[in-house]
Amino acid sequence: ETIRKWAVEFENELSPTANPGDGRQRVFVDDDLAIFALISEMKGQGKLYTDIHAALANGQRGSAPQNAKSLIVADPPRALALQTRIDALESQLTTALNANQRLEGRFDEVNRQLEAAKAEIKALNREIGRLESGKGSE
45 ETIRKWAVEF ENELSPTANP GDGRQRVFVD DDLAIFALIS EMKGQGKLYT
95 DIHAALANGQ RGSAPQNAKS LIVADPPRAL ALQTRIDALE SQLTTALNAN
145 QRLEGRFDEV NRQLEAAKAE IKALNREIGR LESGKGSE
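Going left to right, the sequence shown walks through residues 45 to 182 as my numbering numbers them.
Next up, the structure:
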């Protein structure tokens, strides 16, 4: 929550990706991290936002830790929930594809049976016609 608040307060000093808009994930560049380091340092000294804005306007930056990017974690619970949802959807898709494949096989089998039945009906109709034509000549 602190980073979000600072990203909004210092929007003009940060990169455009620090405040990408509704529904989009924030992405901080190295200069953003240096700005956050200065904000943290100055807030720790009891400075006001106006003091921090002035320092940033004068080009002052803090020193971000070397491993700062590894400290920035995307929302893990949300990422986990999304991954769980993706896994469930992939499983449903696999099940649906397998069912579709079985149904296509069954459809082909029923079509073959239908064609065989049509051929048999045609042959029986010819046989009936032949028998009826022979019966009338008696």
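Where is the CB? At the ideal position from N, CA and C, for every residue including glycine.
Whether residue i touches residue j by CB criterion (9 Å)
{"i": "V71", "j": "T61", "result": "yes"}
{"i": "A81", "j": "S59", "result": "no"}
{"i": "L100", "j": "E57", "result": "yes"}
Nearest to residue i (by Cα), restricted to the options the options
{"i": "L77", "options": "Q104, K166, E134, G90", "result": "Q104"}
{"i": "A123", "options": "E55, Y93, Q69", "result": "Q69"}
Item to check | Complete runs of the alpha helix (DSSP H) confined to the segment 60-138 [at least 4 residues] | outcome: With a minimum length of 4 residues, the unbroken runs of alpha helix (DSSP H) contained wholly in the segment 60-138 fall at 74-88, 93-101, 112-115.
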